[in-house]
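Trainee: Pasting a structure below so you can have a look.
In the UniProt record's numbering, the protein residues as written are 1 to 333.
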């Protein structure tokens, strides 16, 4: 896609193009390059800061141009949590879906006033602000993006939120709940066990962990159709990115946690991505003097490539306990 980014050619329907390209296999040399590339651990603490600077520290005004008002950069939830009704039966707009996503997480965590919550990867502070304002909890957040940390501190000013500019592996303390939203894709398959060990170290024996991540169906992981997608994200979007599989949610936590609930709402990513793309087109004029046209094309490809190829992917939320929830965990949809 480098030639498209450079403006050498154009296409009237990128979504359909990417949907068709997902059915093609890249050449042998591309597969070999990707396999070799991922033999090393590219998500070491010394490298993780580069990803933050390359992508997330691009400029908050840029991300504000397409995200919701609270700046959530992960899949929204297009139904009211607890109703059990599919999104197609509800008239939900973009900002409502953003609110429902925060409420879904809160309800799954079974929060009580006074609880202490650890967030691994705070984003721009949407969850920390929502939970402390509405559920009476205290939060400690770890994030390695300077811009995200500064914004989180700003939007949670006066709230019981402590934000650290640090890698998730540096987390300390003991908490009633641990939550991680959209950060697991940056952990890397060589570090999945470490992630769960950090969560285990910081979680009380009767606590809950909630993990939210995009995922690939296990039957497709490592196969050519995935490698072409990974190559684009690694080059232009998320250096060191690695999408976990649905099986990783179970295997990587084996011997550490019990998986109480696994919720797949990957279908909700399509309206989320289309909402981002609509906002991006509408607001690009506000930031185009600061960012060049190549960046516009990079994000256009990302939004429409995701829409066209997400049929083979999942959006998973897993809820974990250390020794089982007495009486059973009550799932929320």
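The beta-carbon is built from N, C-alpha and C at its ideal position, and this holds for glycine as well. Here the structure is a predicted model, which means the values were calculated and not measured.
Do residue 242 and residue 189 have their C-beta atoms within less than 9 Å of each other?
Mentor: Against a cut-off of 9 Å, the Cβ pair of residue 189 and residue 242 comes out as a contact.
Trainee: Would you tell me roughly how many angstroms separate the C-alpha atoms of residue 335 and residue 143, rounded to the nearest one?
Mentor: The displayed coordinates of the chain run from 1 to 333. Any statement about residue 335 would go beyond what the structure contains.
Trainee: Check the C-beta distance from residue 137 over to residue 115 and give it rounded, since I have them as a contact under 8 Å.
Mentor: Indeed, because the Cβ distance is near 5 Å, the residues count as touching under 8 Å.
Trainee: Thinking C-alpha only, which one of 292, 316, 319 and 52 is nearest residue 7?
Mentor: It is 292 whose Cα lies nearest to the Cα of residue 7.
Trainee: Helix, strand or coil: how does DSSP classify residue 320 here?
Mentor: The answer is strand: DSSP assigns residue 320 an E or B state.
Trainee: Quick check: the stretch 151-160 against the stretch 120-136, are there 3 or more CB pairs under 8 Å?
Mentor: Contact between the stretch 151-160 and the stretch 120-136 is present, because at least three Cβ pairs lie under 8 Å.
Trainee: Taking the alpha-carbon positions, what's the residue 250 to residue 60 distance?
Mentor: If I take the Cα positions, the gap works out to 35 Å.
Trainee: Put residue 225 into one of helix, strand or coil per three-state DSSP.
Mentor: In this prediction, residue 225 has a pLDDT of 49, which is less than 50 and means its spatial position is unreliable; what the coordinates show is noted afterwards. Reduced to three states, the DSSP call for residue 225 is helix.
Trainee: For residue 208, which option in 301, 108, 269 and 315 has the closest C-alpha, if you only look at C-alpha atoms?
Mentor: Comparing Cα-Cα distances from residue 208 to each of 301, 108, 269 and 315, the minimum goes to 108.
Trainee: How long is the line joining the alpha carbons of residue 93 and residue 274, rounded to whole angstroms?
Mentor: Going by the C-alpha atoms only, they are around 12 Å apart.
Trainee: The alpha helix (DSSP H) that contains residue 151, what's its start and end?
Mentor: Counting along the chain, the alpha helix (DSSP H) containing residue 151 begins and ends at 146-155.
Trainee: Under a Cβ-count criterion, where at least 16 other Cβ atoms within 10 Å of its own Cβ denotes burial, should residue 223 be classed as buried or exposed?
Mentor: With a pLDDT of 47 at residue 223, under the threshold of 50, the modelled position of this residue cannot be trusted; read the value that follows with caution. Exposed, since its Cβ has fewer than 16 Cβ neighbours within 10 Å.
Trainee: Can you determine whether any heavy atom of the ligand PLP sits closer than 8 Å to the C-beta of residue 185, and answer yes or no?
Mentor: Questions concerning the ligand PLP fall outside what the structure shown contains, since it holds no ligand whatsoever.
Trainee: Quick one: residues in its chain with C-beta nearer than 8 Å to the C-beta of residue 151, no 5 flanking neighbours on either side, listed in chain order?
Mentor: Correct list, in chain order: 60, 71, 124 and 125.
Trainee: Based on the DSSP output, what are the partners of residue 178 in its beta bridges?
Mentor: Paired residues: 118 and 209.
Trainee: Who are the Cβ neighbours of residue 294 in its own chain at under 8 Å, not counting the five residues just before and after it?
Mentor: Taken in chain order, the residues that qualify are 5, 6 and 7.
Trainee: Could you check what DSSP says for residue 215 in three-state terms: helix, strand or coil?
Mentor: It is a strand residue.
Trainee: Taking 9 Å as the threshold (C-beta atoms), are residue 244 and residue 187 in contact?
Mentor: Cβ atoms of residue 187 and residue 244: closer than 9 Å.
Trainee: Assign residue 41 to one of three DSSP states: helix, strand, or coil.
Mentor: Note: residue 41 maps to coil in three-state DSSP.
Trainee: In this structure, does DSSP put residue 261 in helix, strand or coil?
Mentor: Three-state result, residue 261: strand.
Trainee: Hey, would you say residue 66 sits closer than 9 Å to residue 299, going by beta carbons?
Mentor: The answer is yes: Cβ separation under 9 Å.
Trainee: Is residue 119 closer than 9 Å to residue 179 when the C-beta atoms are compared?
Mentor: Yes, these two residues count as a Cβ contact at 9 Å.
Trainee: Which complete alpha helix (DSSP H) runs does the stretch 233-298 hold, if anything under 4 residues is left out?
Mentor: Counting whole runs of 4 or more residues, the stretch 233-298 contains the alpha helix (DSSP H) stretches 248-251 and 269-287.
Trainee: May I have the straight-line CA-CA distance separating residue 261 from residue 288, to the nearest angstrom?
Mentor: Going from the Cα of residue 261 to the Cα of residue 288 covers about 43 Å.
Trainee: Measure the beta-carbon distance from residue 200 to residue 257 and round it to whole angstroms, keeping in mind my assumption that it falls under 8 Å.
Mentor: Indeed, because the Cβ distance is near 7 Å, the residues count as touching under 8 Å.
Trainee: I think residue 147 touches residue 50, with their Cβ atoms under 8 Å apart; what is that distance to the nearest whole Å?
Mentor: In fact, because the Cβ distance is near 14 Å, the residues do not count as touching under 8 Å.
Trainee: For residue 265 versus residue 135, is the C-beta spacing smaller than 9 Å?
Mentor: The answer is no: Cβ separation not under 9 Å.
Trainee: Buried or exposed for residue 9, please, with buried defined as at least 16 other CB atoms from any protein chain shown within 10 angstroms of its CB.
Mentor: Exposed, since its Cβ has fewer than 16 Cβ neighbours within 10 Å.
Trainee: Using a Cβ-Cβ cutoff of less than 6 Å, which residues in the same chain neighbour residue 272 once the five nearest sequence positions on both sides are dropped?
Mentor: Excluding sequence neighbours, residue 272 sits near 75 and 76.
Trainee: How many Å lie between residue 12 and residue 282 at the Cα?
Mentor: Taking the straight line joining both Cα atoms gives about 18 Å.
Trainee: Taking the alpha carbon of residue 331 as the reference point, which residue from 100, 68 and 110 has its own alpha carbon closest?
Mentor: Comparing Cα-Cα distances from residue 331 to each of 100, 68 and 110, the minimum goes to 110.
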